[in-house]
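K.L.:
Below are the structure tokens for one structure; questions will follow.
There are 4 protein chains.
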Amino acid sequence: MERSSKAGEIMDALNAFMDEHIYPNEALYEQQLAQGADRFNVPPIMEELKARAREAGLWNLFLPHSEYGAGLTNAEYAPLAEVMGRVQFASEVFNCSAPDTGNMEVLDRYGTPEQKARWLQPLLDGKIRSSFCMTEPEVASSDATNITTSIDRDGDHYVINGRKWWITNAYHPNTKIYIVMGKTNPDAPRHRQQSQILVEPDTPGISLIRPLTAFGFYDEPKGQAEIVFDNVRVPASNLILGEGRGFEISQGRLGPGRIHHCMRIIGQCERMLEQTCRRLLSRTAFGEVLADQSLWQDRIANARTDINMLRQLVEHTAHLMDTVGNKQARSEISQIKVAAVRVGRSVADLAVQAHGAAGLCNDFGLGYAFTRMNMIRMGDGPEEVHNRTIARLELKKYSDPGASSAK
Amino acid sequence: MERSSKAGEIMDALNAFMDEHIYPNEALYEQQLAQGADRFNVPPIMEELKARAREAGLWNLFLPHSEYGAGLTNAEYAPLAEVMGRVQFASEVFNCSAPDTGNMEVLDRYGTPEQKARWLQPLLDGKIRSSFCMTEPEVASSDATNITTSIDRDGDHYVINGRKWWITNAYHPNTKIYIVMGKTNPDAPRHRQQSQILVEPDTPGISLIRPLTAFGFYDEPKGQAEIVFDNVRVPASNLILGEGRGFEISQGRLGPGRIHHCMRIIGQCERMLEQTCRRLLSRTAFGEVLADQSLWQDRIANARTDINMLRQLVEHTAHLMDTVGNKQARSEISQIKVAAVRVGRSVADLAVQAHGAAGLCNDFGLGYAFTRMNMIRMGDGPEEVHNRTIARLELKKYSDPGASSAK
Amino acid sequence: MERSSKAGEIMDALNAFMDEHIYPNEALYEQQLAQGADRFNVPPIMEELKARAREAGLWNLFLPHSEYGAGLTNAEYAPLAEVMGRVQFASEVFNCSAPDTGNMEVLDRYGTPEQKARWLQPLLDGKIRSSFCMTEPEVASSDATNITTSIDRDGDHYVINGRKWWITNAYHPNTKIYIVMGKTNPDAPRHRQQSQILVEPDTPGISLIRPLTAFGFYDEPKGQAEIVFDNVRVPASNLILGEGRGFEISQGRLGPGRIHHCMRIIGQCERMLEQTCRRLLSRTAFGEVLADQSLWQDRIANARTDINMLRQLVEHTAHLMDTVGNKQARSEISQIKVAAVRVGRSVADLAVQAHGAAGLCNDFGLGYAFTRMNMIRMGDGPEEVHNRTIARLELKKYSDPGASSAK
Amino acid sequence: MERSSKAGEIMDALNAFMDEHIYPNEALYEQQLAQGADRFNVPPIMEELKARAREAGLWNLFLPHSEYGAGLTNAEYAPLAEVMGRVQFASEVFNCSAPDTGNMEVLDRYGTPEQKARWLQPLLDGKIRSSFCMTEPEVASSDATNITTSIDRDGDHYVINGRKWWITNAYHPNTKIYIVMGKTNPDAPRHRQQSQILVEPDTPGISLIRPLTAFGFYDEPKGQAEIVFDNVRVPASNLILGEGRGFEISQGRLGPGRIHHCMRIIGQCERMLEQTCRRLLSRTAFGEVLADQSLWQDRIANARTDINMLRQLVEHTAHLMDTVGNKQARSEISQIKVAAVRVGRSVADLAVQAHGAAGLCNDFGLGYAFTRMNMIRMGDGPEEVHNRTIARLELKKYSDPGASSAK
């Protein structure tokens, strides 16, 4: 997979920016975040860095085939996402952070001119942030057909009722728009019941119940909210694409977002493996430097091999998406989710263990990194769902009437 | 291993107490803890429950062979620890929580009459709490000979200098005494360099630098502190047992504490497995109740089997300690640490996954339970150290000059 | 679980016998077996050892609660089975080898006086051997209700038609009786359709199709046969217990046989761990004795811990069977199958790897030991079936109408 | 990695040949092999197929950059090796089977014109076969510096003394040449002590001690031999490249052979996964087709993901070898060995388990496939050695004086 010269230039610029502006400001970012008046605040350094990134032309790099984006293919963007993934907050600096990326793609692809003007443009400018409201506490949301939030037509409006949770960004001070998934057509066929609709956070009837913690973390500054929608009325023109097309929209956003997530995980794994090596080189137990002990070497080697295998599969999947399309790459798009979480959790575990008690707290960022890997496991479909998809596609090769005979 | 009738009666009383007083107050305890003025506070319900437990004769059950304790063997106490382990805060209610238990054992066994009067008695009465200061941030403390804190004799005093961290209880409002491990005799043979000394928290020169988080948890109300000892002077009479006997003291406290920890882990695992079953029975995905799916059944079965194997090994180890002694049971005492953490982490992982996103937060106590299992992994020696011990004892059977020939 | 003095004496005698007669003859046994005129032959040393064992009173030790046996409980017999398990052919020396043991138990418990005189007595005398014919190639026999062999009444006879495979002992020269499982009542409720019937190998219509190999082993001298029953007529009096009672009979034989199998696996694991330690102490790579390398120490420690946990669980299960009965111990009886195979395969894997290429061949008995562990995995129900049973029993605690509420 | 049109045409021809000639003759090959007069014989169908393959231009495809070969890069040859790997004997049909391939590469690169005329040409013509004699029973050969066979200069000859084992092809009737590794310069620096020398099997002093079995298999028709070299004299001109250059030669052959092995493993995994799916679709237990059960689906999905990750990594490694060279790809060349064995063993395990008892025997080729995966684990360096290499290369990034500071 040869990289175009444009992609190569962006990569060079990105690496230079990371070296010059991101790594040196990691500590400052954490410090400003911790010292903010509110739990959920925007560290001033973030806005400074965003301005610099935009100036450097490192902005909205994720958006393919669009008048707004860098025009990179998935395969070209993937290595950039890996680099950004090395620092937890870096993607946002380049306006490339989830769920804004997915929301922008949806608006870019399916939004009306009015919707684009009102919400896509400020998102592209990094002026506002956004949420995607899907998961519900009362049902196994891993089966998306279980979603129960209702979106009922009432004249020129839709009325929304339901409870959502784990809504990323909902506590972020800049969040100005939600995309909400719910049922407009409960009597339609299972995959035509759901719709997606745009909702502004200050609409009456919306209550942020509480910030959720993941293993104790509030995931600042974006936060994870539980939200109740109680007779929330929005104009009918806020509906995206049309009634019953919620699944269709989700399918479209799924693939690229998956690549981004997985490549960021790889970046984070590389960072943790580096930390692990440095730590093991610096510590001695029972008269032997830890890095010289075969047990630790075995673990380092497995981590290196796992990360490399994962990267190859993710980049191959990106290539498939670019060439044969998301639908043909369905199995791979599920595979990389499962594999990335497996590798990510395993490398995080190694890094924590290599750092001893220091790995549990956040002195090396590992407490959060470990937690993050476990959060990602749940997000975007648990492995049980993805493995079901992969297996069914595999079995179909042999169970279809036209399947070739044994070989 | 037949249980004595006394142990049986205590078990009945304990179960009744759990049913009547502990389970019904779990939510209240969490609520009071969250609402305390300070992060580290004692929920009022705790003191109420302690009074009731003492009244019910369920007090200091852990202390064997002593005028103060219930006179139970390790094998008899073990199942009680399991029951207490089902609720995070329950051990404290019965004055059976670490590190107080270990500290009380040390004082009971090695303390001078003055040391006992001043610190053992209030500990036995549940009036004060205590810390054990061993782990240091600057060295691989898993090899205890690495410990660098100095305890230097200066006339009638010892002067302590060093930095400790992950000091449980240090932020607990009731903590009035530390046992500190450090080097009095840096030039002695490796296992005769260390001593243990009693230090009161308000001694000049002690600074609590910061509360540490494990993943994102502050582990309230006890807390995990980083502490600096800067020329801290304590009377020479605070030394326990004598100079250079720190390792000897540690060996003594190790065995029983290990049993307690492991049995509590088992109790917690049982609770989590119960939660897992209930959850899976209540959720449906892709048209099938999760509890009916073979993948989840496989996981439940493995958890059940693992827990049962672990319990048998821990109870067997307690029995060995009671009959042939800690030294002969050295390998088993290490085995149960490794096995308990392995099973505990695996069951916590299952419970989290079964609860979906609800498993990450603390609505079912699982976010903390998962975190706790990872903390325990580090505490009390990581598996690398224990496995080294087990393997060396195993290999010694065949490498000693007198080892029998191949069979 | 205190051992009775009788059991202790037998253990001493058994260990002495192993030292004096079994270990010193291992090589001879293998040599005679390899040099036999036929693939399936009885090495002369086997008959010599059997005579000696019987003389020493080490005979039919497995048979509980019977006029014929040693009168040991399951818990008392278990450690003896472990010792026998250390050498592949040792159980047969003491007339304690499967499937004869299970077949003798069935005849002892359910046989008519005539059946006992004709087949039980020579089995008890070690004069003949026997097979149990259950598994079929055409169906998933792990679900025993799938079994399709028909056993049809025809006057004073039953006529058997079907195909069985993996029939242990069928090629053994001394095998004189089969117990065959099949359907007498295909229209009865699912667990009342099957019966067990006694069939002599020279009955017309029986064809031994071929000896099966496990990986590449023929499992000499007993062999694993594929057998066709083509209109095989046996007297109606050969039926055991009655029509439709096949499952009931199976249940009875299941528990004790499981204990035997699992304890033999433990004996074999101990032997392999010993071999592993000796090997690692004797080999050097990259300038360090393998036994001193932390990676190998980690593996040794895990093997030691796993074996110990398994032994405790199996002995506990034997104790449960002796005290509360097989039905109450159903979950544990399944647990030990799954756990024993898991540990057995893992220790075999370790031993093979520690021996390098020598582990693949049979110079240290490891090629067969590894194979054996994989055979046992299939036999007696695969883990999928046992885990299903364990999980369903676990879930039942919370799904029954009378289940206690959440705690 | 775009495939050249030449490579694409060869792939099409190879697939067509497999469909027309290989798959339809699998049973015949096994039957002829089993019916041969000797254990080690060449099934007649093999020579027929070889003639056809050569005729079809599908011959010596593995040999890169050479007047003799197809001129394919490693990346181009890799997918062909995968296809051949689907059938155990297929590589030989195309004169692409180990260890002949590695031996031919060595002779092609380092052989004298005389050596080439005498041994390379008949090997290229598929007229003879060959062995590579390295592993020794007495030392941990995984550390190649341990090799003790001596190769001593004596006038115009070298005299070889030593014992080798696991010598593939040594029992093959067509094997006419060995390459033997041993020490010519025991006092030189560690990596300059060894040499490689050509030895004809009928040279006096060579004894084939016995055929070795792997899990009971004799690995016919090639066989695995134990060989003693007792004062074996060969002309000095048989030495390859020069004294002390044995390691250098090994390095050269290592990379491409690794790619071939790993791709064949992938081919075999694909075949086993296909068999697994077909089997699970055809069997029912407890009222549900196995393929519909979530536990089996989870396993299928993991196998699919693992195979895909492995393929990407191996193809990427081939690409690295083609572009930056073997030395720069050292870590990856080790990674794919470890990863391929891990995946291969896991998929073989799945296939065996899915087939129940039929997986243990060879009715579906799985008994041997499983065994083969375990043999490959040992061959070509065990994972302990490769992981050591990988880890040391990884750690070197941070321990070298010039290593960049933490990031």
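Chains as they are written, first to last, in my numbering: chain A, 1 to 407; chain B, 1 to 407; chain C, 1 to 407; chain D, 1 to 407. Ideal Cβ positions, reconstructed from N, Cα and C, are used throughout, including at glycine. Computed from a prediction, not measured in an experiment: that's the story for all the values here.
Pick helix, strand or coil for C:K164, following the three-state DSSP scheme.
P.N.:
Along the third sequence, read from residue 1 onward, the residue named residue 164 of chain C stands at position 164. The answer is strand: DSSP assigns C:K164 an E or B state.
K.L.:
What are the boundary residues of the beta strand (DSSP E) that C:K409 is part of?
P.N.:
What is shown of chain C runs 1 to 407, which leaves residue 409 of chain C out entirely.
K.L.:
7 Å is my cut-off, CB to CB: does A:C277 come that close to chain B?
P.N.:
If you number the first sequence from 1, residue 277 of chain A lands on position 277. No, no contact with chain B.
K.L.:
Determine whether the Cβ of D:N25 lies closer than 7 Å to any Cβ atom of chain A.
P.N.:
As a first step, residue 25 of chain D is located in the fourth sequence; it is residue number 25 there, counting from the start. Closer than 7 Å: no.
K.L.:
Rounded to whole angstroms, what is the Cα-Cα separation between C:A406 and A:H21?
P.N.:
Numbered from its first residue, the third sequence carries residue 406 of chain C at position 406. Numbered from its first residue, the first sequence carries residue 21 of chain A at position 21. Confidence is the limiting factor: at C:A406 the pLDDT is only 46, short of 50, which leaves the residue's position unreliable, though a coordinate-based value still follows. Cα-Cα distance, rounded: 53 Å.
K.L.:
Measure from the C-beta of D:D349 to each C-beta in chain E and report whether the shortest distance is under 7 Å.
P.N.:
Given the protein chain composition of this structure (A, B, C and D), no chain E is represented.
K.L.:
Check A:E136 in the structure and name its three-state DSSP category.
P.N.:
Along the first sequence, read from residue 1 onward, the residue named residue 136 of chain A stands at position 136. Note: A:E136 maps to coil in three-state DSSP.
K.L.:
With distance defined between alpha-carbon atoms, name the residue in B:T145, B:K176, B:I266 nearest to B:D187.
P.N.:
Taking the first residue of the second sequence as position 1, residue 187 of chain B is located at position 187. With distances taken between Cα atoms, B:D187 lies closest to B:T145.
K.L.:
To be precise: take each residue of the stretch 298-309 of chain C, compare its Cβ to all Cβ atoms of chain A, and keep it if any distance is under 8 Å. Which residues remain?
P.N.:
D298
K.L.:
Need the endpoints of the alpha helix (DSSP H) that D:I376 sits in, please.
P.N.:
Indexing the fourth sequence from 1 puts residue 376 of chain D at position 376. Unbroken alpha helix (DSSP H) run through D:I376: 366-378.
K.L.:
Below 7 Å on C-beta distance, what does C:M378 contact in chain D?
P.N.:
Counting from one through the third sequence, the residue named residue 378 of chain C turns up at place 378. Those within 7 Å of C:M378 in chain D are G356, A357, L360.
K.L.:
Can you name, in chain order, every residue of its own chain whose Cβ lies under 8 Å from the Cβ of D:R392, other than the five neighbours on each side?
P.N.:
Reading the fourth sequence from its first residue, position 392 is the one you call residue 392 of chain D. Around D:R392: no qualifying Cβ.
K.L.:
What is the DSSP secondary structure of C:R245, reduced to helix, strand or coil?
P.N.:
Reading the third sequence from its first residue, position 245 is the one you call residue 245 of chain C. In the structure shown, C:R245 sits in coil (DSSP, three-state: anything other than H, G, I, E or B).
K.L.:
Assign A:P24 to buried or exposed, taking buried as 16 or more other Cβ atoms, counted over all protein chains shown, within 10 Å of its Cβ.
P.N.:
Translated into the one-based positions of the first sequence, residue 24 of chain A becomes position 24. Flag for A:P24 reads exposed.
K.L.:
7 Å is my cut-off, CB to CB: does D:S399 come that close to chain B?
P.N.:
Counted from its first residue, the fourth sequence places residue 399 of chain D at position 399. For D:S399, the answer is no, since every Cβ of chain B falls outside 7 Å of its Cβ.
K.L.:
Is any beta-carbon of chain C found at less than 7 Å from that of A:A406?
P.N.:
One-based indexing of the first sequence puts residue 406 of chain A at position 406. Only weak support is given to the placement of A:A406: the predicted model assigns it a pLDDT of 46, under 50, and the question is left unresolved by the model.
K.L.:
Kindly indicate which residue of B:S142, B:A117, B:M46 has the alpha-carbon position closest to the one of B:P382.
P.N.:
On the second sequence, position 382 is the one that residue 382 of chain B refers to. Looking at the Cα atoms, B:S142 is the closest of the given residues.
K.L.:
Measure from the C-beta of D:N415 to each C-beta in chain A and report whether the shortest distance is under 7 Å.
P.N.:
With chain D covering only 1 through 407, there is no way to say anything about residue 415 of chain D.
K.L.:
Taking 7 Å as the threshold (beta carbon to beta carbon), is A:L107 in contact with chain B?
P.N.:
Within the first sequence, numbered from 1, the residue matching residue 107 of chain A stands at position 107. Cβ-Cβ to chain B under 7 Å: no for A:L107.
K.L.:
Relative to chain B, which residues along the stretch 333-348 of chain C have a C-beta separation below 7 Å, given in chain order?
P.N.:
Against chain B - using a Cβ distance shorter than 7 Å - the residues of the stretch 333-348 of chain C are Q335, V338, A339.
K.L.:
Which class does C:R39 belong to by DSSP, given the choice of helix, strand or coil?
P.N.:
Taking the first residue of the third sequence as 1, we reach residue 39 of chain C at position 39. It is coil, neither helix nor strand.
K.L.:
Can you list the alpha helix (DSSP H) stretches of 4 or more residues lying completely in the stretch 30-91 of chain B, in chain order?
P.N.:
Restricting attention to alpha helix (DSSP H) runs no shorter than 4 residues, the stretch 30-91 of chain B encloses them at 44-55, 74-85, ordered along the chain.
K.L.:
Ignore the nearest five residues each way along the sequence and tell me which others in A:P201's own chain have a CB closer than 7 Å to its CB.
P.N.:
Taking the first sequence and counting its residues from 1, the one referred to as residue 201 of chain A is at position 201. If we look at A:P201 and ignore the five residues flanking it on each side, its Cβ neighbours are T175, K176, Y178.
K.L.:
Would you mind sorting D:I209 into buried or exposed? The rule is 16 or more other CB atoms within 10 Å of its CB.
P.N.:
Here residue 209 of chain D is taken as the residue at index 209 of the fourth sequence, counted from 1. So D:I209 ends up on the exposed side.
K.L.:
Should C:L28 be labelled buried (16 or more other beta-carbon atoms within 10 Å of its own) or exposed?
P.N.:
Residue 28 of chain C sits at position 28 when you count from the first residue of the third sequence. Here C:L28 is exposed. Its C-beta has fewer than 16 other C-beta atoms within 10 Å.
K.L.:
Tell me the rounded alpha-carbon separation between A:M373 and A:S346.
P.N.:
Within the first sequence, the letter at position 373 stands for residue 373 of chain A. Within the first sequence, the letter at position 346 stands for residue 346 of chain A. Going by the C-alpha atoms only, they are around 9 Å apart.
K.L.:
How close, in whole Å, do the beta carbons of A:M321 and A:G379 come, if the pair is a contact with beta carbons under 8 Å?
P.N.:
In the first sequence, counting from the first residue as 1, residue 321 of chain A sits at position 321. In the first sequence, counting from the first residue as 1, residue 379 of chain A sits at position 379. Not quite, the Cβ-Cβ distance comes to about 20 Å (not below 8 Å), so this is no contact.
K.L.:
Examine chain D for any beta-carbon lying closer than 7 Å to the beta-carbon of B:L290, and answer yes or no.
P.N.:
If you number the second sequence from 1, residue 290 of chain B lands on position 290. Taking Cβ atoms only, chain D never reaches closer than 7 Å to B:L290, which makes this a no.
K.L.:
Need the endpoints of the beta strand (DSSP E) that C:P211 sits in, please.
P.N.:
Locating residue 211 of chain C in the third sequence gives position 211, where the first residue counts as 1. Taken as a continuous stretch (DSSP letters only), the beta strand (DSSP E) holding C:P211 covers 206-211.
K.L.:
According to DSSP, C:D152 sits in a beta bridge with which residue or residues?
P.N.:
Residue mapping note: residue 152 of chain C aligns to position 152 of the third sequence, counting from 1. C:V159.
K.L.:
Count the other C-beta atoms from every protein chain shown that fall within 10 angstroms of the C-beta of B:G57, then say buried if there are 16 or more, exposed otherwise.
P.N.:
Working through the second sequence from its first residue, we reach residue 57 of chain B at position 57. Result: exposed.
K.L.:
On the three-state DSSP scale, how would you describe D:A13?
P.N.:
Taking the fourth sequence and counting its residues from 1, the one referred to as residue 13 of chain D is at position 13. In the structure shown, D:A13 sits in a helix (DSSP, three-state: H, G or I).
K.L.:
Three-state secondary structure (DSSP) at D:D292?
P.N.:
Indexing the fourth sequence from 1 puts residue 292 of chain D at position 292. Correct three-state label for D:D292: helix.
K.L.:
Does any C-beta atom of chain C lie closer than 7 Å to the C-beta of D:A34?
P.N.:
What you label residue 34 of chain D is simply residue 34 of the fourth sequence in a count that begins at 1. By this cut-off, D:A34 is not an interface position.
K.L.:
Going by alpha carbons, who is nearest to C:Q121 out of C:L241, C:D12, C:M104?
P.N.:
Walking along the third sequence from the start, residue 121 of chain C turns up at place 121. Closest option to C:Q121, Cα to Cα, is C:M104.
K.L.:
Just how far apart, CA to CA, sit D:M134 and C:F17?
P.N.:
One-based indexing of the fourth sequence puts residue 134 of chain D at position 134. One-based indexing of the third sequence puts residue 17 of chain C at position 17. If I take the Cα positions, the gap works out to 43 Å.
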